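First comes the structure, then the notes that go with it.
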Amino acid sequence: MAQISLTFPDGAQRSYPAGVTPAEVAASIAPGLAKKAISAQVDGAHWDLAWPIPADAKIAINTMTDALPALELIRHDLAHIMARAVQELWPDVRVTIGPVRDEGWFYDFDRSEPFMPEDLGAIEARMKAIINARDPIRTELWDRARARTHYEAAGEPYKLELLDRIPADQDIRMYWHGAWQDLCRGPHLQHTGQVPADAFRLTHVAGAYWLGDASRPMLQRIYGVAFRNRDDLKAHLTMLEEAAKRDHRKLGREMDLFHLQEEAPGMVFWHPNGWQIWRGLEDYMRRRLGRAGYREIRTPQVVDRVLWEKSGHWEAYREHMFLVEVDEEGQKDKRINALKPMNCPCHVQVYNQGLKSYRDLPLRLAEFGSCHRYESSGSMHGLMRVRGFTQDDAHIFCTVDQLEQECIDFIALLSSIYHDLGFAKFDIKLSTRPDVRVGSDAVWDTAENALAKAIEKGGYPYTINPGDGAFYGPKLDFKLTDAIGREWQCGTFQADWNTPLRLEAEYVGEDGAKHTPVMLHRAILGSFERFIGILIENYAGKLPFWLAARQVVVASIVSDADAYVAEVVAALRAVGVRTEGDVRNEKINYKVREHSVGKVPVILAIGMQEVAGRSVSVRRLGEQRVEVQSLEGAVAALAAEATPPDLRGT
Ligand SMILES: [Zn+2]
Ligand SMILES: [Zn+2]
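The number in the working numbering is simply the position in the sequence shown, starting from 1, with 41 added.
Take a look at the structure:
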């Protein structure tokens, strides 16, 4: 029999018969490893222990200590085990597909009755029984006709449809978890007992159309989460509970910040409280950008398709664009415009006004640019994913030589802004040249080096994502970590030598000849909508005092104090503290409770004692303690606290 050579991670090479399986390889090393093995990496591909290895390859045997393959297999096997459990409990249920996602998996079922919350408990119990049975998992390649006959006999129409979607040149692979069979690409674990029985949980059921198509049947999707051990599951469930408490949609209602409605899906109606937070953030960003040498501009919302054709968006981005048709005076045909999905082409139009010389560079044009992009209704989510949004956008036009310094300055600005907004930790990812790209290798070398050097000079750790850059240039992504450990990608910095070329941006160089500048697309918050959503959830609604919409409520305890309440309100407003009076004929505890739900950071309670002493009783959100201060003292302290971080003299 032909021999093949397998190379192990430590560099050792061993000879095996061609077609050896990783299970056999593991057994040849140590019986313990054969037992612990869950899968293998064969030339980088995730490989089932039962799949033959046809030729020379690099091999690594995976065990549960290898987090990525372990989690993928646990979640994937659980999808099969769940489908088996459901069909054992309700044999009339038709199965469809069940992919791995985020921290778990889901599986879509066709069943006439809805799944009830108590059904999830029954399914979980059955799944645990399947795991404890340690049923072997095995696989076979079938030909199409056999698979077709099998699924026709089993009455599984969805599987038949999936079968037809598998390209003709691809194998049809079957997997068995015990006697339960499913069409699947694999890989899978050795037996069901390798799945930890105490580290998964079914979380919820939701409706989902078959293949995401609203004209196809509505299925029931059961979601689960799974980890390698019970502690990881517990930590995740605690995080979910915490996240639900902080949900910006719930807090948005309680704090009266914004709403969404059917007539404008994915576009936010900001209420006074929410808009105040927005303006506080926008004013802050405007000051920071101004000091960093940016010039603010404003460009049109509605722009003729001609410009989008020129920029390439019409071809590449058309399905995400909102169109606006108008009967232009004296024109036979309607004029077709698009709501801008991004600001870049408009910024080049501003740049292109008047001849630019190298002395004008770098030119930093900023816009709080309102954009619209069509998103499917299923993908929208509160403020986090919307159709109408405002970016803290800016484009820097510069030479390739200026790229590194611009990048250094940008990261320093971003870091300082994240710090001011309460995010100490962020990660940087550098994405390098993809296979399909424009520009010479020399330009890519210079730009990638400039970005890497800029990060290193700032002393930041970063990871490289090879090949993940845009076709027009390398990019940096910035991910911040919130108070409950979730990561949010917000900032971006992208070099682009394609757009300026397409839209004919030029400058006259020192040599007197015309050159094309590099355009840097950069954002720090990403969008105001999403960032405010992140802020609300990060702070669980208890925003820093300077950002809070209503900073102080002055609440009367008795009506005889009303005049003094008005005086306190006026004194605070005079020094710029956003203050409201509450002289309703309600108990002070009722008022405190209501304003606490509204997340007002400071409540000043005013009774006759305060009137007599010209004092205030200060109660802070979330604290029981009440501190009596003189009116002047309280006003001065609150005015200082209301000052945004960039305006505080330190
Ligand atoms: Zn599968
Ligand atoms: Zn841009």
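Virtual Cβ for every residue (Gly too), placed ideally from N, Cα, C.
Computed from a predicted model, the values in this text were never measured in an experiment.
Distances from the alpha-carbon of Ser457 to those of Glu416, Gly499 and Cys439 put Gly499 closest. In its chain, beyond the 5 residues on either side, Lys470 have a beta carbon closer than 7 Å to the beta carbon of Thr504. Its chain contains Met280, Glu283 and Ala284 as the residues whose beta carbon lies nearer than 7 Å to that of Ile525, once the 5 sequence neighbours on both sides are disregarded; these appear in chain order. Within the chosen limit of 7 Å, ligand 2 reaches the beta carbon of Asp434 through at least one heavy atom. Under a 10 Å Cβ-count criterion, Val638 is classified as exposed, with fewer than 16 other Cβ atoms of the shown protein chains found around its own Cβ.
Under the Cβ criterion (8 Å, minimum of three pairs), the segment 166-180 does not count as touching the segment 144-152. Pairing Ile45 with Ile437, the inter-Cα distance amounts to about 55 Å. Short of 8 Å from the beta carbon of Arg135, and not among the five residues preceding or following it, lie these beta carbons of its own chain, in chain order: Phe150, Asp151, Arg152, Gly196, Glu197, Pro198 and Tyr199. For a cut-off of 8 Å, the C-beta gap from Arg426 to Pro306 is around 11 Å, too long to register as a contact.
Ligand 1 never approaches Asp89 closely enough for any of its heavy atoms to be under 7 Å from the residue's Cβ.
At a threshold of 7 Å, His562 counts as near ligand 2, since its beta carbon sits closer than that to one of the ligand's heavy atoms. Per DSSP, the continuous beta strand (DSSP E) segment holding Phe241 begins and ends at Phe241 to Tyr250. Pro50 and Gly234 have their C-alpha atoms some 27 Å from each other.
Boundaries of the beta strand (DSSP E) harbouring Pro58: Gln54 to Pro58, taken from the DSSP string. Counting along the chain, no beta strand (DSSP E) covers Tyr513, and no H or E run does either.
Taken through DSSP and simplified to helix, strand or coil, Val83 comes out as strand. Proximity of the segment 307-324 to the segment 596-615 falls short of the contact definition, fewer than three beta-carbon pairs being nearer than 8 Å.
When the beta-carbon positions are compared, Ser568 and Gly510 stay at least 8 Å from each other. The bridge partners DSSP lists for Leu406 are Arg336 and His436. At least one heavy atom of ligand 1 falls within 7 Å of the beta-carbon of His117.
At a Cβ-Cβ threshold of 8 Å, Asp297 and His312 count as neighbours.
Within the DSSP bridge table, the entry for Gly429 names His413 as partners. Taking 7 Å as the cut-off, the C-beta of Tyr216 counts as close to a heavy atom of ligand 1.
Around the C-beta of His460, fewer than 16 other C-beta atoms lie within 10 Å, and the residue is accordingly described as exposed. Membership of Met259 in the beta strand (DSSP E) is indicated by the continuous run Met259 to Ala267.
In the same chain as Glu447, and ignoring 5 residues on each side of it, the C-beta atoms closer than 7 Å to its own belong to Pro403, Ile437, Cys439 and Leu561, in chain order. Secondary structure of Phe49 (DSSP, three-state): coil. For the options Leu201, Arg179 and Ala174, the alpha carbon positioned closest to that of Ala186 is the one of Leu201. Under the three-state reduction of DSSP, Ser568 is assigned to strand.
Taken through DSSP and simplified to helix, strand or coil, His312 comes out as coil. Excluding its 5 nearest sequence neighbours in each direction, Leu230 has C-beta neighbours in its own chain below 7 Å: Ile79, Leu114, Asp118, Ile178 and Val236, listed in chain order. Its Cα nearest to that of Leu161, the residue Leu243 stands out among Glu181, Pro208, Leu243 and Gln82. A heavy atom of ligand 1 is found nearer than 7 Å to the CB of Asp223.
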